[in-house]
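Here the structure comes first, spelled out in structure tokens, and everything after it is commentary.
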Amino acid sequence: ECHLFEPNLTLIELIRRSINLYPQTKWHLEPSAVSAAAGEVRFLVVPHQTGISHLVESGGVLVRAITIDQYLSSMGLSYIDIIKIDVEGHELSVLRGARNALISRRVGVIYFEYCRSHLARQDAPGDPIKFLQNVGFSVCFSQSWDLRTYGPATHTIKKGVAGHGLPLIPVEGRQLPAMTDLLAVPSENLSPY
32 ECHLFEPNLT
42 LIELIRRSIN
52 LYPQTKWHLE
62 PSAVSAAAGE
72 VRFLVVPHQT
82 GISHLVESGG
92 VLVRAITIDQ
102 YLSSMGLSYI
112 DIIKIDVEGH
122 ELSVLRGARN
132 ALISRRVGVI
142 YFEYCRSHLA
152 RQDAPGDPIK
162 FLQNVGFSVC
172 FSQSWDLRTY
182 GPATHTIKKG
192 VAGHGLPLIP
202 VEGRQLPAMT
212 DLLAVPSENL
222 SPY
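Note that the numbering used here has the sequence shown beginning at 32, numbered continuously upward.
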């Protein structure tokens with residue numbers, strides 16, 4: 032079962048077509064942005080490269096915004112195996128809107144894009160990592176290129192938990208590249224590799 036959130040109305044029709052290719056999966060498409068608070072936010076659509084469209088303080092178009100905590104409650108969901116976040120610098124706001132779910136361990140792992148220049152649009156680039164650490168998650172490198180740079184792997188997800196055996200390296204104390212993908216795991220679910 033997959034829950035997708037997309038504020039770009041242009042992409043929603045394309046997503047619906049893609050969903051039809053996988054009828055064995057139960058899909059929920061929510062035409063909203065995910066943020067720290069419910070309401071409305073401004074969304075800048077970049078027509079020539081929709082993948083870099085993002086939230087802005089002014090300009091853009093008004094779109095509906097929801098939080099992960101609100102969505103879980105409204106859908107009656109008790110647990111999410113994985114949250115994938117790719118919101119072009121708005122990661123901290125998404126995490127703030129999932130705070131209750133993260134603290135209560137209703138989320139297994141979070142996979143998110145880390146792009147220093149995109150994060151600087153909203154907050155300090157290290158803020159999503161600090162936030163996750165403050166709610167008891169360990170943030171790790173999981174991409175092969177990062178493991179080659181910072182490796183060898185020192186940790187994995189503990190036995191009996193989905194993802195066990197995945198090679199990981201905690202980012203704490205290490206210089207982050209300008210751009211990569213990171214994986215956050217409840218600290219109690221991280222074990223030596």
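Think of the CB as a built atom: it goes at the ideal place given N, C-alpha and C, for glycine as much as any other residue. All of these numbers come straight from a predicted model, not from anything done at the bench.
Exercise for the section: Would you tell me roughly how many angstroms separate the C-alpha atoms of G91 and F74, rounded to the nearest one? Expected result: 5 Å
Handout entry: CA nearest to the CA of I43, picked from D158, Y181, F162 and S63
Key = S63
Practice task
Name the one or two DSSP bridge partners that A215 has.
Solution key: I141 and V170
Practice task
Count the CB pairs spanning the region 185 to 192 and the region 148 to 160 that are closer than 8 Å, and state whether there are at least three.
Solution key: no
Problem - Whether P223 touches T185 by CB criterion (8 Å) - result: yes
Exercise for the section: Kindly indicate which residue of S66, S109, R205 and A151 has the alpha-carbon position closest to the one of L37. Expected result: In the sequence under discussion, the amino acid at residue 37 is Glu, which differs from the Leu named in the question. If we check each option's Cα against that of E37, S66 comes out closest.
Practice task
Quick one: using the 10 Å Cβ neighbour count with 16 as the cut-off for buried, is V138 buried or exposed?
Solution key: buried
Practice task
With a 10 Å radius around its C-beta and 16 neighbouring C-beta atoms as the bar for buried, classify C146 as buried or exposed.
Solution key: buried
Practice task
Please work out which residues of its chain come closer than 7 Å, Cβ to Cβ, to N220, disregarding the five sequence neighbours upstream and downstream, and give them in chain order.
Solution key: I188, K189 and V192
Handout entry: Buried versus exposed call for H149 [16 or more other C-beta atoms within 10 Å across all chains shown]
Key = buried
Handout entry: Whole-angstrom distance between I134 and L178, CA atom to CA atom
Key = 28 Å
Practice task
Check A69 in the structure and name its three-state DSSP category.
Solution key: coil
Exercise for the section: May I ask you to report which of helix, strand or coil DSSP gives V94? Expected result: strand
Handout entry: DSSP state of L197 mapped onto helix, strand, coil
Key = coil
Problem - P54 in three-state terms, based on DSSP - result: coil
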